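S.K.: Taking this note's numbering, the leading residue of the sequence shown gets 852, the next gets one more, and so forth.
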Amino acid sequence: MESLEELGKKAYQKQILGDYDGAIKVYNTAIKKYPNDRRLLNNRCLCYIAKKDFKRAMEDAELMIRLFPEHAKSYYRKGEILTTMKRYIEAEEAYIKVLSLDSECEDARRQLLDVQALQLCEHGYKKEHALKALGHTLNHDTHIANIEDAEKILRYGTSEIFDNNNDLDYDSVYYSDDENACSSVIKADNVYDPLLDPSNPLKSCSLWVGFVTEDVTEKMLTNLFSKYGKILSVCPRYSLHCAFINYADHIAAGKAMKALQGALVGTKNILIRFPDNVASHTKSI
852 MESLEELGKK AYQKQILGDY DGAIKVYNTA IKKYPNDRRL LNNRCLCYIA KKDFKRAMED
912 AELMIRLFPE HAKSYYRKGE ILTTMKRYIE AEEAYIKVLS LDSECEDARR QLLDVQALQL
972 CEHGYKKEHA LKALGHTLNH DTHIANIEDA EKILRYGTSE IFDNNNDLDY DSVYYSDDEN
1032 ACSSVIKADN VYDPLLDPSN PLKSCSLWVG FVTEDVTEKM LTNLFSKYGK ILSVCPRYSL
1092 HCAFINYADH IAAGKAMKAL QGALVGTKNI LIRFPDNVAS HTKSI
């Protein structure tokens, strides 16, 4: 009777030489004899992935999760399979689970960011922009990005946020080899929006500040924004994740936007716009 190690080595030698069918046969024998060894299931799962037999690969991944629910690699394999099948939302959930079990898993961080970017690409954004927007939303404790916040940045942001942001370390944003996966763009890039122009052509005295979390107090906002001019009021709206800053003059509002766009406040990089009603009011005059 061959030992676990002997069977494992025999199967692995076939696997690394590309004989996946032969490796699977040996793994099948080994798993019957040693059903509680997670390495065997993991390696057989990899063979099925290499053969693009995603149905059987998923069965092995799910079996690993049932047998070894605290083993991060079980969920990592599931995430890999779901990504290949373009089921990005489910893959995102799998990688988040990996990080809940092993917060230091760099591979899971990279894969998670990649599938989040691919979700944004499905809405027509460039992958480069998607990755940068996700970088703005990284939680500094969990190192997990917020895809909903990133989509808002992509929807409302300008080239200034992407090109002149000194607060984001792009070395921490991971790029996939598959940069062509979502090169098509539905919306035009760098469309001018006066509500994002720090020269303040609409002469607004107010600012809308997005991505304001409950740990950011009214006093913190006042101290930060008062550096650029006299403030009349600060109105946080935590349920809406935003705040309104009202200055005594429009010059201060423009200065604050220019200086603080994309700045890290609390655990989020803020997004600053002039309120929508400014444009509406200007058109009606």
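By construction, the Cβ of each residue, glycine as well, lies at the ideal position given by its N, Cα and C atoms.
Predicted model, so just to flag it, every value in this text is computed and none were measured.
Answer with buried or exposed for Pro1087, where buried requires no fewer than 16 other C-beta atoms within 10 angstroms of its C-beta.
M.R.: Residue numbering aside, residue 1087 sits at position 236 when the sequence shown is read from its first letter. Flag for Pro1087 reads buried.
S.K.: Could you spell out the range, first to last residue, of the alpha helix (DSSP H) harbouring Ile916?
M.R.: For the purposes of this step, residue 916 is taken as the residue at position 65 of the sequence shown. Where Ile916 is concerned, the enclosing alpha helix (DSSP H) stretches over 905-918.
S.K.: In whole angstroms, what separates the C-alpha of Cys956 from that of Met915?
M.R.: For the purposes of this step, residue 956 is identified with residue 105 of the sequence shown, where counting begins at 1. For the purposes of this step, residue 915 is identified with residue 64 of the sequence shown, where counting begins at 1. Rounded to the nearest angstrom, the two C-alpha atoms are 18 Å apart.
S.K.: Just tell me which of His974, Val1063, Asn879 has its CA closest to the CA of Leu892.
M.R.: Translated into the one-based positions of the sequence shown, residue 892 becomes position 41. Comparing Cα positions, the closest option is Asn879.
S.K.: Could you check whether Gln1112 and Ile1102 sit closer than 9 Å to each other, using their CB atoms as the reference points?
M.R.: Locating residue 1102 in the sequence shown gives position 251, counting from the first residue. Locating residue 1112 in the sequence shown gives position 261, counting from the first residue. No.
S.K.: Quick one: which unbroken beta strand (DSSP E) runs of 3-plus residues sit fully inside the region 926-1008? Chain order, please.
M.R.: none
S.K.: State the Cα-Cα distance for the pair Ser1010 and Val1116, rounded to the nearest angstrom.
M.R.: Reading the sequence shown from its first residue, position 159 is the one you call residue 1010. Reading the sequence shown from its first residue, position 265 is the one you call residue 1116. At Ser1010 the pLDDT is 44, less than 50, meaning the model places this residue with poor confidence; the figure from the coordinates comes in the next sentence. Cα-Cα distance, rounded: 21 Å.
S.K.: Please name the residue, chosen from Arg889, Asp965, Ala923, that lies closest to Lys948 on a Cα-to-Cα basis.
M.R.: Taking the sequence shown and counting its residues from 1, the one referred to as residue 948 is at position 97. Cα-wise, what sits closest to Lys948 is Ala923.
S.K.: Return helix, strand or coil for Gly859, following the three-state DSSP convention.
M.R.: For the purposes of this step, residue 859 is taken as the residue at position 8 of the sequence shown. Looking at Gly859 - three-state DSSP - the assignment turns out to be helix.
S.K.: Please identify the residue among Ala874, Asp958, Ala901, Glu913 whose C-alpha is closest to the C-alpha of Thr935.
M.R.: Locating residue 935 in the sequence shown gives position 84, counting from the first residue. Out of Ala874, Asp958, Ala901, Glu913, Ala901 has the C-alpha closest to the C-alpha of Thr935.
S.K.: Taking Ala968 as the reference, which of Lys860, Leu952, His987, Leu950 has the closest Cα?
M.R.: Position 117 of the sequence shown, counting from 1, holds the residue named residue 968. It is His987.
S.K.: Report, in whole angstroms, the separation of the C-beta atoms of Val1063 and Ala1107, which I expect to be a contact under 8 Å.
M.R.: Start at 1 with the first residue of the sequence shown, and residue 1063 comes out as number 212. Start at 1 with the first residue of the sequence shown, and residue 1107 comes out as number 256. Going by Cβ atoms, the distance from Val1063 to Ala1107 rounds to 14 Å, so no, they are not a contact pair.
S.K.: How about Ser925 and Ala912: do their beta carbons lie closer than 9 Å?
M.R.: Taking the first residue of the sequence shown as 1, we reach residue 925 at position 74. Taking the first residue of the sequence shown as 1, we reach residue 912 at position 61. Here Ser925 is near Ala912, since their CB atoms are less than 9 Å apart.
S.K.: Does DSSP put Pro1126 in a helix, in a strand, or in coil?
M.R.: As a position in the sequence shown, residue 1126 is number 275, starting the count at 1. Coil, per DSSP.
S.K.: What separation, rounded to the nearest whole angstrom, lies between the Cα atoms of Asn1097 and Gly1105?
M.R.: In the sequence shown, residue 1097 corresponds to position 246, counting from 1. In the sequence shown, residue 1105 corresponds to position 254, counting from 1. Cα-Cα distance, rounded: 12 Å.
S.K.: Comparing alpha-carbon positions, which option in Asp904, Asp958, Cys972, Leu918 lies nearest Asp888?
M.R.: As a position in the sequence shown, residue 888 is number 37, starting the count at 1. Closest option to Asp888, Cα to Cα, is Leu918.
S.K.: Tyr1098 lies in the beta strand (DSSP E); which residues open and close that run?
M.R.: Your numbering for residue 1098 matches position 247 in the sequence shown. Residues 1093-1098.
S.K.: Are the CB atoms of Cys898 and Gln866 nearer to each other than 9 Å?
M.R.: Your numbering for residue 898 matches position 47 in the sequence shown. Your numbering for residue 866 matches position 15 in the sequence shown. Yes, the pair counts as a contact, with Cβ atoms nearer than the cut-off.
S.K.: Is it buried or exposed for Asp1040, if we count other Cβ within 10 angstroms and need 16 for buried?
M.R.: The count along the sequence shown starts at 1 and reaches residue 1040 at position 189. Unreliable placement is indicated for Asp1040, whose pLDDT of 45 sits below 50; the coordinate value is still reported in the next sentence. So Asp1040 ends up on the exposed side.
S.K.: Output needed for Ala881: all residues of its chain with C-beta closer than 6 Å, excluding positions within five of it in sequence on either side, in chain order.
M.R.: Taking the sequence shown and counting its residues from 1, the one referred to as residue 881 is at position 30. Taking Ala881 as the centre and dropping the five residues before and after it, the same chain places the C-beta of Leu858, Leu891 closer than 6 Å to its C-beta, in chain order.
S.K.: Ignore the nearest five residues each way along the sequence and tell me which others in Ala874's own chain have a CB closer than 6 Å to its CB.
M.R.: In the sequence shown, residue 874 corresponds to position 23, counting from 1. Around Ala874: Ala862, Lys865, Gln866, Cys898.
S.K.: Throw me the rounded Cβ distance for the Tyr939 and Leu963 pair, which I believe falls under 8 Å.
M.R.: Position 88 of the sequence shown, counted from the first residue, corresponds to residue 939. Position 112 of the sequence shown, counted from the first residue, corresponds to residue 963. Not a contact, Cβ separation roughly 10 Å.
S.K.: In the DSSP assignment, find the unbroken beta strand (DSSP E) run with Leu1072 in it and report its ends.
M.R.: As a first step, residue 1072 must be located in the sequence shown, where it is residue number 221. From DSSP, Leu1072 is part of no beta strand (DSSP E) but of the alpha helix (DSSP H) over 1069-1076.
S.K.: Label His980 either buried or exposed according to how many other C-beta atoms from any shown protein chain fall within 10 Å of its C-beta, with 16 as the threshold for buried.
M.R.: For this step, residue 980 is matched to residue 129 along the sequence shown. Buried, by the Cβ-count rule.
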